[in-house]
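S.K.:
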Amino acid sequence: MEPEFMRPPKSASKEEDEDLPRYAINWNPLINTPPSDLWTDTASTMRLSGFSARLAGTLTVLNACVGSLALLPSAHIFPLYIYPGDGCTEWAPLLSTVPAYPDLQFIVVVNPNSGPGPAGSQPDANYQNCVTQLRNVSAANDNVKMIGYVLTGYGNRTSSEVFADVDTYAGWATAYHVEGIFFDEAANTPDMVSLYQSYASYVKTKFGLSAYITLNPGTWDDTSSPDYFSSVDLIVTFEKPYDEFALVPSL
Numbered sequence: 002m003e004p005e006f007m008r009p010p011k012s013a014s015k016e017e018d019e020d021l022p023r024y025a026i027n028w029n030p031l032i033n034t035p036p037s038d039l040w041t042d043t044a045s046t047m048r049l050s051g052f053s054a055r056l057a058g059t060l061t062v063l064n065a066c067v068g069s070l071a072l073l074p075s076a077h078i079f080p081l082y083i084y085p086g087d088g089c090t091e092w093a094p095l096l097s098t099v100p101a102y103p104d105l106q107f108i109v110v111v112n113p114n115s116g117p118g119p120a121g122s123q124p125d126a127n128y129q130n131c132v133t134q135l136r137n138v139s140a141a142n143d144n145v146k147m148i149g150y151v152l153t154g155y156g157n158r159t160s161s162e163v164f165a166d167v168d169t170y171a172g173w174a175t176a177y178h179v180e181g182i183f184f185d186e187a188a189n190t191p192d193m194v195s196l197y198q199s200y201a202s203y204v205k206t207k208f209g210l211s212a213y214i215t216l217n218p219g220t221w222d223d224t225s226s227p228d229y230f231s232s233v234d235l236i237v238t239f240e241k242p243y244d245e246f247a248l249v250p251s252l
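Read in order, the letters of the sequence shown are residues 2 to 252 in the working numbering.
1. Identify, in the order they occur along the chain, each residue of the same chain with its Cβ nearer than 6 Å to the Cβ of Ala176, setting aside the five sequence neighbours on each side.
2. Would you mind stating whether Ile148 and Val110 have Cβ atoms separated by less than 8 Å?
3. When DSSP labels each residue in this structure, what does Leu73 get in the three-state scheme?
4. With distances taken from CA atoms, which of Val204, Val194, Tyr213 is nearest Tyr229?
5. What number of angstroms, rounded off, separates the C-alpha of Gly58 from the C-alpha of Gln106?
6. Buried or exposed for Asn127, going by 16 or more other Cβ atoms inside 10 Å?
7. Please check the pair Tyr170 and Pro117, which I expect to be a contact at CB under 8 Å, by giving their CB distance rounded to whole angstroms.
8. Asn131 to Gln198, Cα distance in whole Å?
9. Just how far apart, CA to CA, sit Ser139 and Asn189?
10. Around the C-beta of Ala76, are 16 or more other C-beta atoms found within 10 angstroms, so that it is buried, or is it exposed?
11. Which runs of the alpha helix (DSSP H) at least 4 residues long sit entirely within the region 145-216? Give them in chain order.
12. Is Val237 helix, strand or coil when you go by DSSP?
13. Kindly list the residues whose CB is nearer than 8 Å to the CB of Asp1, restricted to its own chain and excluding five residues on each side of it in sequence; keep chain order.
14. State buried or exposed for Asn137, treating a residue as buried only when at least 16 other CB atoms are found within 10 Å of its CB.
15. Identify, in the order they occur along the chain, each residue of the same chain with its Cβ nearer than 7 Å to the Cβ of Val167, setting aside the five sequence neighbours on each side.
16. Can you grab the Cα-Cα spacing for the pair Phe79 / Pro191, in whole Å?
17. Whose CA, out of Ala120, Gly172, Pro124, Val145, lies closest to the CA of Ser97?
18. Note the first and the last residue of the continuous beta strand (DSSP E) segment covering Gln106.
19. What did DSSP end up calling Phe246 once you bin it into helix, strand or coil?
20. Assign Pro80 to one of three DSSP states: helix, strand, or coil.
21. Since Ser232 and Ala212 should fall inside the 8 Å C-beta cutoff, what is the C-beta to C-beta distance between them, to a whole number of angstroms?
22. Beta-carbon within less than 7 Å of Ile214's beta-carbon, same chain only, minus the 5 sequence neighbours each way: which residues are those?
23. If I'm right that Pro124 touches Trp92 with Cβ under 8 Å, what's the distance once you round it to whole angstroms?
24. Please classify Tyr128: does DSSP put it in a helix, a strand, or coil?
25. Alpha carbon to alpha carbon, how far is Val62 from Gly219?
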């Protein structure tokens, strides 16, 4: 069965857009074959930075690039921008899939409202309940890492707003806390490196040195700076349909 994960608008409210495509990543540098029943299409093998990787051929795929590729375990990353609903009904496929695949790491991007919501706030009761449930079903195998969505506007959003979102996620209660940050609409040019390094440093002051940090510029080319890799764990370099994927020479 394929999990029903949708690619929503930036805001994950109860009014969901049913016409938006679903997407998921099976990121597999260790050449482990993905569970066939997680995907509608056959996974494809390709080369990246000297390592083989398997990426799931779903409707839309994000290709992720990491600084230390050999150290990255097999993982699935899900932008869970779906309102959980009463009783977590909208998250049910994920809640059942996670314990069914105990050897796989799931990186889940949580996004209540184009970010965490108002500064200093806690998520609503449904989010509190369902994030807690997701943490509970993964506790035995420790195979879910949850990170919070923060918009950066390609470096144009004010730093104070970005820091405020990070602070809000850091203030969530222990039962439904996140373990890092997913910076969306990230820049990838040399002139913005220091800004995003400051964001990464700030996350580590709030979440600790083990905080998991992802940048999503959604693209990468010869003008992009490799210096971003020194301060983050994961960079999303491709955000289009899978059949349009091509390796970037600079990678």
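Here a beta-carbon is modelled for each residue, glycine too, at the ideal position from N, C-alpha and C. It should be emphasised that the depicted structure is a prediction, and the values quoted were computed from it without experimental measurement.
M.R.: Considering the structure as presented:
1. Thr133
2. yes
3. Confidence in Leu73 is poor, its pLDDT being 47 and thus under 50, which makes the residue's placement unreliable; the coordinate value appears in the next sentence. In the structure shown, Leu73 sits in coil (DSSP, three-state: anything other than H, G, I, E or B).
4. Val194
5. Because Gly58 sits at a pLDDT of 30, beneath the cut-off of 50, its placement in the model cannot be relied upon, and the point is left open.
6. buried
7. 5 Å
8. Before going further, note that residue 131 is Cys rather than Asn in the sequence given. So the two alpha carbons sit approximately 32 Å from each other.
9. 33 Å
10. buried
11. 160-171, 194-208
12. strand
13. What is shown of the chain runs 2 to 252, which leaves residue 1 out entirely.
14. exposed
15. Val151, Ile182, Tyr203, Val204, Lys207
16. 28 Å
17. Val145
18. 106-111
19. coil
20. strand
21. That pair is no contact at about 11 Å.
22. Gly181, Ile182, Ala201, Val204, Val233, Asp234
23. Not quite, the Cβ-Cβ distance comes to about 13 Å (not below 8 Å), so this is no contact.
24. helix
25. Confidence at Val62 is low in this model, with a pLDDT of 37, below 50, so the placement of that residue is unreliable and no value is reported for it.
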